[in-house]
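Here's the structure, in structure tokens; my notes come after.
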Amino acid sequence: MAKSYDYLFKLLLIGDSGVGKTCVLFRFSEDAFNSTFISTIGIDFKIRTIELDGKKIKLQIWDTAGQERFRTITTAYYRGAMGIMLVFDITNERSFENIKTWIRNIEEHAASDVEKMILGNKCDVVDKRQVSKEQAQQLAAEYGVKFSETSAKDGHNVEEAFMTLAKDIKAKMDRKQQENNNGGGSHSSPNVHVGSQGGKDKKANANRSFSWCTLL
Amino acid sequence: MATNDNQEVQSASDSNHQLTADGKNAQMIICPNCRCKILLKKTAELVNTDIFLPYMRVKKNTSNQESGQVDGEQLSQFWKVDNMFTFENVGFTKTVGSSIKYLICADCEIGPIGWHDINDKTTFLIATQRIHYSD
Ligand SMILES: Nc1nc2c(ncn2[C@@H]2O[C@H](COP(=O)(O)OP(=O)(O)OP(=O)(O)O)[C@@H](O)[C@H]2O)c(=O)[nH]1
Ligand SMILES: [Mg+2]
Ligand SMILES: [Zn+2]
Chain A
1 MAKSYDYLFK LLLIGDSGVG KTCVLFRFSE DAFNSTFIST IGIDFKIRTI ELDGKKIKLQ
61 IWDTAGQERF RTITTAYYRG AMGIMLVFDI TNERSFENIK TWIRNIEEHA ASDVEKMILG
121 NKCDVVDKRQ VSKEQAQQLA AEYGVKFSET SAKDGHNVEE AFMTLAKDIK AKMDRKQQEN
181 NNGGGSHSSP NVHVGSQGGK DKKANANRSF SWCTLL
Chain B
1 MATNDNQEVQ SASDSNHQLT ADGKNAQMII CPNCRCKILL KKTAELVNTD IFLPYMRVKK
61 NTSNQESGQV DGEQLSQFWK VDNMFTFENV GFTKTVGSSI KYLICADCEI GPIGWHDIND
121 KTTFLIATQR IHYSD
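So the protein sequences, as listed, match chains A and B.
full-length UniProt numbering puts the first residue of the first sequence at 1, with every later residue one more than the last.
full-length UniProt numbering puts the first residue of the second sequence at 1, with every later residue one more than the last.
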């Protein structure tokens, strides 16, 4: 069957507990619906379709839990991820400091070419700010990743951030595709690009018993 | 609006489905609450199968909830797709019981609007009674 999309990107949200990952992902919309049944079970991931440069892109976005005990979860967490949103809370300096730890974790366990972006969430809470925009920009520059301040509460910059990350993944992929085409003579590009499954992913099966379900 | 108890969002005019000649959805399938696009036209197949889905609107503090029981209904008609990436926008709940995931609107999170058994990787069902249509 013909694929109805051009790209498929798996994205993850990571960061300390309480920074707002679940809110960033799961409440894009004003008229959020209040189902006790659904909020009791919790949401695993969402599929969203966006368009970039006339191409149809499917995003599969996974929420993760920031609690300490989950940090030992390694490769299974990151398996197949092509983009990672590193989220901290601008009113919580510790969550900002821990971004470095999360990046180390990613470097250790995720594919080496995974695209990253840092989000300073809760930017609506001006009076309790502990991390300045400049501080965060500097850290992002050190790691060579983009940074944006978001508010899951009022939706500020949230969709834009996902678009930016998707755009960067696409650009990277198109560049690789180009290189492959230049090196390998003529062939038509595959319709769907799925993330590189590097050697690091092999360990993933051992961790399959990990459950996303223990959060709520 | 959110105070309706045990009542599904339903309006007769845009909840009647139309089929293409080959049994696919002739119209776009949208969220009954926020009109978010769930499936484009001609992407899903109409199937009859009996599946229990919890109600979308459930009264808080009902006695049933205390006893751990979920209020719901048996539904028998669904739109089926065989690949989760056929969906334009959708959310998947965490796994309930041993293998069931419920489907919800990706935007407003109304649900369950559908059902998936993780043991069957090619069946994703959306209840015809829980969605609306649009051209
Ligand atoms: N003011 C404000 N509060 C927010 C924002 N985002 C999240 N919150 C609040 O922060 C708290 C934690 O948000 P969650 O989304 O549950 O945090 P999380 O990162 O998913 O935490 P874990 O699941 O424990 O890892 C909640 O009480 C939210 O209401 C925001 O942008 N602004
Ligand atoms: Mg969370
Ligand atoms: Zn909706």
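Here a beta-carbon is modelled for each residue, glycine too, at the ideal position from N, C-alpha and C.
No experiment lies behind these values; they were computed from the predicted model shown.
Distances between the C-beta of A:Thr22 and the heavy atoms of ligand 2 include at least one below 8 Å. Counting the other CB atoms within 10 Å of its CB gives B:Phe92 a total of 16 or more, which places it among the buried residues.
As DSSP reads the structure, B:Ser134 sits in a beta bridge with B:Met28. The segment 32 to 64 of chain A contains, as complete beta strand (DSSP E) runs of 3+ residues, the segments 43 to 52 and 55 to 62 (chain order). Going by C-alpha positions, B:Gln129 is about 18 Å away from B:Phe87.
With a cut-off of 8 Å on Cβ pairs, the segment 92 to 110 of chain A is in contact with the segment 135 to 150 of chain A, counting three or more such pairs.
The three-state secondary structure of A:Leu11, taken from DSSP, is strand. Against chain B, the beta carbon of A:Lys58 has neighbours under 8 Å at Phe85, listed in chain order.
Interface annotation, A:Phe45: in contact with chain B, CB-CB separation under 9 Å. Checking the DSSP bridge columns, you'll see B:Lys37 partnered with B:Ile30.
Residue contact check for A:Leu139 against chain B: no CB pair falls below 9 Å. 9 Å or more divides the Cβ of A:Ile57 from the Cβ of A:Ala161. With its beta carbon less than 9 Å from one in chain B, A:Thr49 belongs to the interface. A:Ser4 belongs to the set of residues whose beta carbon lies under 9 Å from a beta carbon in chain B. Counted as a single uninterrupted DSSP element, the alpha helix (DSSP H) harbouring A:Leu139 occupies residues Lys133 to Tyr143. DSSP lists B:Asn25 as the bridge partner or partners of B:Leu19. Rounded to the nearest whole angstrom, the C-alpha separation of A:Thr150 and B:Asn48 is 44 Å. Distance from the CA atom of A:Asn92 to the CA atom of A:Arg129, rounded to whole angstroms, is 8 Å. Below the 7 Å Cβ cutoff, chain B contributes no neighbours of A:Leu52, its closest Cβ being approximately 15 Å away. By the beta-carbon neighbour count (other beta carbons within 10 angstroms, threshold 16), A:Ser95 is buried. Distance from the C-beta of B:Ile29 to the nearest heavy atom of ligand 3 is not below 8 Å.
Taking a C-beta distance under 9 Å as the contact criterion, B:Ile113 and B:Ile51 do not qualify as a contact pair. Comparing alpha carbon positions, the residue from B:Val90, B:Pro32 and B:His17 closest to B:Trp115 is B:Val90. Bridge pairing for B:Tyr102: B:Trp115 [DSSP].
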